[in-house]
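Residue numbering for the sequence shown follows the numbering used here, starting at 479 and increasing by one per position. Where is the CB? At the ideal position from N, CA and C, for every residue including glycine.
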Amino acid sequence: MTEKSLEATRVVDARPDQVFALLATPDRHPELDASGTVRGSRTHQPLTGVGDVFEMEMHGRDMGDYVVDNHVVTFEPDVEIAWAPATHGGDRGGQVWGYRLEACNGGGSTRVTHVYDWSAVTLERLLPYLPVVDEDGLAATLDRVAAAVESTP
Numbered sequence: 479m480t481e482k483s484l485e486a487t488r489v490v491d492a493r494p495d496q497v498f499a500l501l502a503t504p505d506r507h508p509e510l511d512a513s514g515t516v517r518g519s520r521t522h523q524p525l526t527g528v529g530d531v532f533e534m535e536m537h538g539r540d541m542g543d544y545v546v547d548n549h550v551v552t553f554e555p556d557v558e559i560a561w562a563p564a565t566h567g568g569d570r571g572g573q574v575w576g577y578r579l580e581a582c583n584g585g586g587s588t589r590v591t592h593v594y595d596w597s598a599v600t601l602e603r604l605l606p607y608l609p610v611v612d613e614d615g616l617a618a619t620l621d622r623v624a625a626a627v628e629s630t631p
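Here it is as structure tokens:
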């Protein structure tokens, strides 16, 4: 954690491959997002690697409805996944959202760390709104990740 990044961690009762599969499925992201800003996926395909772009329908208190293009910047199956949002059809704003996974408890559980990093933001118009979430918000999203993956047979 730094001045311009936040992390939250919790143990999830599922294997890393199960958690990774959930996180690599954009259609599931609205149920995972505790902030209420992620509304729906337009992509409907699982992520396969760095360079993938997935579109998400969003809603912000100050911005109303909008669409972001999320560019996958880290993709290491069962270990780490991260994406950088961009304006739809436009530039990345410098924020990165991601998850690091580490097997624990003999491999049957996963330590999941949710990371939000805005250290590379250069768009002046974004700065007054940052950070867009706090550690409690990241932790709440991890609770939703746990609930989603632990309820999957």
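Residue environment, T565, which counts as buried when at least 16 other CB atoms sit within 10 Å | exposed
So T630 packs on Q496, CB below 8 angstroms; how close in whole Å?
-> 7 angstroms
Please state whether DSSP places D595 in a helix, a strand or coil.
-> strand
At a cut-off of 8 angstroms, is L525 close to the ligand SAM when judged by its beta-carbon and the heavy atoms of the ligand?
-> Looking at this structure, you won't find the ligand SAM or any other ligand, since it has none at all.
Separation of G538 from Y544, as counted between CA atoms = 8 angstroms
Less than 8 angstroms between the CB atoms is what I'm expecting for D595 and S483, so what's the real figure, rounded?
-> 4 angstroms
How is the alpha helix (DSSP H) around L501 delimited, first residue to last?
-> P494 to L501
Nearest to H522 by alpha carbon, out of P508, E558, P504 and A598?
-> P504
Touch check for the segment 549 to 569 and the segment 522 to 533: three-plus C-beta pairs under 8 angstroms?
-> yes
Any Cβ of chain B within less than 9 angstroms of the Cβ of E509?
-> Among the chains of the structure shown, chain B does not appear; only one protein chain is present.
Around the Cβ of T600, are there at least 16 other Cβ atoms within 10 angstroms (buried) or fewer (exposed)?
-> exposed
Taking only the alpha-carbon atoms, compute the straight-line gap between A512 and E613 and give it to the nearest angstrom.
-> 12 angstroms
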